[in-house]
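With the numbering used here applied, the sequence shown corresponds to residues 2 to 192, in that order.
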Amino acid sequence: MAATVEYYDDLIDSFGDSQSLTLLVVAGATRDCVAKALEVDLHEPVIHPWDADDEADFASWALVEIDGGVIGVEYTGYADPTVDALRLMSRNGGAAAVVRSNVEAQLRFGCARDAEVLLDAGQDLHVDDPDQVPSELRPLFDRAHNDSDADAFVVGLAMAEVVTGLELTSQEALLLASAQFFRGPTLAVES
């Protein structure tokens, strides 16, 4: 595992448009557990969001089991997991991390380990007190804020690897791109 910004900078395009994207990485959980926490109905498949003629009023998630856990993608950037969902997905020694960006340029990184939230930084990775950032994430977190050339979404992916221990790969990006999407909860997009 590298957990470097450079690695994820080379990989990011494999996941789609990072201006409207939610990527979820969960270690130590099953696809069913993650779906339940996200309120995704695995019995209700939906068309791939890129193929839909109209914008849906509900979230569409693709969830894929990988070695060590589950990865998921949602393409609106408005259906990222709640803090409670992160706790649920990380129970029993697991870990969960989410990186989200949407068309309003709202970036979020949230993570939990063993049902305890480590960090939930929304609105451009903002936190009131930088000292609340776990020491293992601090160098990457600081890079997102101090390096004007750093893509904060990419930095978030590197932080997700640190938290979960799961390195995302181009093969996993291909799995997500070809995965079935399923209906999630109603979107709460403000107009």
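Cβ coordinates follow ideal geometry from the N, Cα and C atoms, glycine included. Note that this is a predicted model, so its numbers are computed, not measured.
Decide if the segment 80-91 is in contact with the segment 11-30; the criterion is three or more beta carbon pairs, one per stretch, under 8 Å apart.
Result yes; three or more Cβ-Cβ pairs closer than 8 Å.
Own chain, CB closer than 8 Å to L12, minus 5 neighbours either side, in chain order
L158, L169, T170, S171, A174
Name the DSSP bridge partner or partners of V65?
Note: V65 sits in a beta bridge opposite I72.
Kindly indicate which three-state DSSP category T165 falls into: helix, strand or coil?
For T165, the secondary structure class from DSSP, reduced to helix, strand or coil, is helix.
Between the beta-carbon of F59 and the beta-carbon of R184, is there less than 8 Å?
yes
Helix, strand or coil: which one does DSSP assign to S192?
For S192, the predicted structure reports a pLDDT of 42, less than 50, and the residue's modelled location is therefore unreliable. A value from the coordinates is still provided. Coil, per DSSP.
In terms of residue numbering, what span does the alpha helix (DSSP H) encompassing A197 cover?
Residue 197 is absent from the model: the chain starts at 2 and stops at 192.
Identify the residues that DSSP records as bridge partners of D42: which are they?
R184
What do you reckon, are the CB atoms on V35 and G78 nearer than 8 Å?
no
Spatially closest choice to Q124 from Q133, V118, R101, by CA coordinates
R101
Only counting the same chain, and skipping five residues up and downstream in sequence, which positions put a Cβ closer than 6 Å to that of A98?
Closer than 6 Å at the Cβ level, and outside the excluded window around A98, lie V26, C112, A161, V164, T165.
Terminal residues of the alpha helix (DSSP H) in which E1 lies
For residue 1 there is no data in the structure shown, the boundaries of the chain being 2 and 192.
So, helix, strand or coil for E7, using DSSP?
helix
Restricting to Cα atoms, I'd like to know which of P135, D129, F182, L108 is closest to L120.
Per the Cα distances, P135.
Quick check: what's the CA-CA separation for R114 versus G69?
14 Å
I'd like to know whether the C-beta atoms of A57 and A180 end up nearer to each other than 8 Å.
Against a cut-off of 8 Å, the Cβ pair of A180 and A57 comes out as no contact.
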